[in-house]
Amino acid sequence: MARQQPIELFMPPNMLKAKAGGGLGGLDMAAMKRAEQAMETLKGEFGDMIADDVKSLAAARARYAKSPDAASRAGLMRAAHDIKGNAPTFNYPLIARVAGSLSRLIGETPENQAVPAGLIDAHVNAVQVIHRQNIQAIDDKLAQALCAELDARVEDILGKKPK
Amino acid sequence: MSGYRFDRLKILVVDDNVHMRKLVVTILQAFGVVQIYEADSGQRAWTVIRESNPDIVVLDWVMEGMSGVELAKMLRTNPQSPNPFMPVILLTGYTSLDRVLEARDAGVNEFIAKPVSVKTMMSRLVSVIESPRPFVRTQGYFGPCRRRRGAEEYRGPERRAETKKQEAAE
Numbered sequence: 048m049a050r051q052q053p054i055e056l057f058m059p060p061n062m063l064k065a066k067a068g069g070g071l072g073g074l075d076m077a078a079m080k081r082a083e084q085a086m087e088t089l090k091g092e093f094g095d096m097i098a099d100d101v102k103s104l105a106a107a108r109a110r111y112a113k114s115p116d117a118a119s120r121a122g123l124m125r126a127a128h129d130i131k132g133n134a135p136t137f138n139y140p141l142i143a144r145v146a147g148s149l150s151r152l153i154g155e156t157p158e159n160q161a162v163p164a165g166l167i168d169a170h171v172n173a174v175q176v177i178h179r180q181n182i183q184a185i186d187d188k189l190a191q192a193l194c195a196e197l198d199a200r201v202e203d204i205l206g207k208k209p210k
Numbered sequence: 026m027s028g029y030r031f032d033r034l035k036i037l038v039v040d041d042n043v044h045m046r047k048l049v050v051t052i053l054q055a056f057g058v059v060q061i062y063e064a065d066s067g068q069r070a071w072t073v074i075r076e077s078n079p080d081i082v083v084l085d086w087v088m089e090g091m092s093g094v095e096l097a098k099m100l101r102t103n104p105q106s107p108n109p110f111m112p113v114i115l116l117t118g119y120t121s122l123d124r125v126l127e128a129r130d131a132g133v134n135e136f137i138a139k140p141v142s143v144k145t146m147m148s149r150l151v152s153v154i155e156s157p158r159p160f161v162r163t164q165g166y167f168g169p170c171r172r173r174r175g176a177e178e179y180r181g182p183e184r185r186a187e188t189k190k191q192e193a194a195e
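These protein sequence lines are chains B and C, in that order.
Under the working numbering, think of the first position of the first sequence as 48, with each following residue one higher.
Under the working numbering, think of the first position of the second sequence as 26, with each following residue one higher.
Structure representation (structure tokens):
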């Protein structure tokens with residue numbers, strides 16, 4: 048019979064509460080208002096930020112095309128993942144969708160198989176086009192059609208249903 | 026208004042993307058956090074953690090070299106960790122269940138799914154301040170209790186599948 052490992056369960060002292068206080072325990076509405084205002088101010092930089100992320104993605108794609116090894120593949124994955132996470136904040140939801148599709152393609156292609164270069168290029172080009180055309184609306188018909196086409200091609204390659 | 030003294034907290038923000046770091050730092054500063062450390066990799070974060078012993082770590086998952094999940098595991102289990110109970114809030118673009126379970130099993134306290142919002146950041150900070158979970162030490166895990174509730178009442182042997190597998194292998 049397998050021996051049973053006892054579990055040790057304990058509550059560490061709440062040092063954070065001792066430091067930060069906050070008797071009522073709810074959200075600090077005044078602090079949230081200040082943060083919303085700070086984000087509004089930061090919005091002026093969002094254009095430069097998304098442009099940087101798009102450039103980083105293109106550079107990562109170029110590195111992978113030049114030498115398709117594990118390191119360059121991981122770099123491309125990180126660039127796609129970053130832009131997927133950042134683009135909604137920068138008001139480019141469809142860029143996030145394309146980057147999410149690219150992340151899925153890279154992440155779910157077995158590591159011993161090359162990620163199809165043509166499909167990587169199609170994704171990176173789509174990100175660049177949406178950015179260049181400044182398409183920020185999530186219901187843009189043309190961009191949506193492009194996203195749907197990319198989704199379908201990734202689906203074909205991976206041979207799975209979308210998660 | 027709940028009147029937290031965020032100015033008394035030291036928070037480390039770890040992300041290899043400079044823009045995401047700036048967003049998070051901007052939000053924390055507006056909350057009133059004064060002592061904010063930044064790191065652009067897991068390795069640098071580990072140095073900052075040992076040198077400055079922050080109160081909370083906000084970290085990204087996908088980074089070159091040491092990932093956020095690897096860093097969380099190190100924080101919990103490495104003998105050089107200054108505080109194995111340090112709350113960890115993970116920023117992630119991964120929302121699938123297997124990924125969430127992987128992060129939870131590394132000892133992450135809270136998650137923020139990207140895109141980051143002011144409300145979510147506040148909510149997670151309040152959660153680690155007001156509702157810390159008990160800690161669990163087992164043969165294969167050390168970190169916040171992985172059950173959201175009811176753990177305080179459980180007094181029996183381990184029931185997790187991975188522990189049973191380890192025992193069977195021994």
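Where a beta carbon is used, it is the ideal one built from N, C-alpha and C, also for glycine.
Model, not experiment: these values are computed from the prediction.
- In terms of CA proximity to C:Glu63, C:Trp71 leads the group C:Trp71, C:Arg149, C:Met146.
- Here the region 87 to 95 of chain C makes no contact with the region 72 to 79 of chain C; the two share fewer than three CB pairs at distances below 8 Å.
- Distance from the CA atom of B:Met86 to the CA atom of C:Met111, rounded to whole angstroms, is 28 Å.
- Distances from the alpha-carbon of B:Lys66 to those of C:Ile154, C:Thr163, C:Arg158, C:Arg172 put C:Ile154 closest.
- For C:Ile52, the chain B residues whose C-beta falls within less than 8 Å of its own C-beta are Ala82, Ala85, Met86, listed in chain order.
- Under the 10 Å beta carbon count, B:Arg125 is surrounded by 16 or more other beta carbons and is classified as buried.
- Between B:Leu166 and B:Arg144, the C-beta spacing is not below 8 Å.
- Within chain B, the residues whose beta carbon sits less than 9 Å from that of C:Leu48 are Met86, Leu89, Met96, Asn133, Thr136, listed in sequence order.
- A check of alpha carbon separations from C:Lys139 across C:Thr102, C:Thr117, C:Arg46, C:Arg158 identifies C:Thr117 as the nearest.
- Chain order gives the chain C residues near B:His128 as Val87, Gly118, where near means a beta carbon separation below 8 Å.
- The three-state reading of DSSP puts B:Gly122 in helix, counting H, G and I together.
- Short of 7 Å from the beta carbon of C:Gly57, and not among the five residues preceding or following it, lie these beta carbons of its own chain, in chain order: Phe31, Asp32.
- Using a C-beta cut-off of 8 Å, the region 120 to 134 of chain B makes contact with the region 37 to 56 of chain C, since at least three inter-stretch Cβ pairs fall below that distance.
- For the C-beta of B:Lys102, not a single chain C residue is nearer than 9 Å; the gap to the nearest is close to 12 Å.
- In the same chain as B:Leu205, and ignoring 5 residues on each side of it, the C-beta atoms closer than 8 Å to its own belong to Arg151, Leu152, Glu155, Thr156, in chain order.
- Cβ proximity to chain C below 8 Å picks out Asn61, Met62, Leu63, Lys64, Lys66, Ala67, Gly68, Gly69, Gly70, Leu71, Gly72, Gly73, Leu74, Asp75 from the region 61 to 75 of chain B.
- For C:Arg75, the enclosing alpha helix (DSSP H) stretches over residues 67 to 77.
- If you draw a 10 Å sphere on the C-beta of B:Pro59, you find fewer than 16 other C-beta atoms in it, and that means exposed.
- Chain-ordered, the chain B residues with CB closer than 8 Å to the CB of C:Pro112 read Leu63.
- If you look at B:Asp203, you'll find it in the alpha helix (DSSP H) that goes 188 to 205.
- Along the region 123 to 151 of chain C, the positions whose C-beta sits under 8 Å from a C-beta of chain B are Lys139, Pro140, Val141, Val143, Lys144, Met146, Met147, Ser148, Val151, read in chain order.
- Any Cβ of chain C closer than 8 Å to the Cβ of B:Pro115 would place that residue at the interface, and such an atom is absent.
- Chain B has no Cβ within less than 8 Å of the Cβ of C:Met99.
- Excluding its 5 nearest sequence neighbours in each direction, C:Arg129 has C-beta neighbours in its own chain below 7 Å: Arg171, listed in chain order.
- Its chain contains Lys35, Leu37, Tyr62 as the residues whose beta carbon lies nearer than 8 Å to that of C:Ser77, once the 5 sequence neighbours on both sides are disregarded; these appear in chain order.
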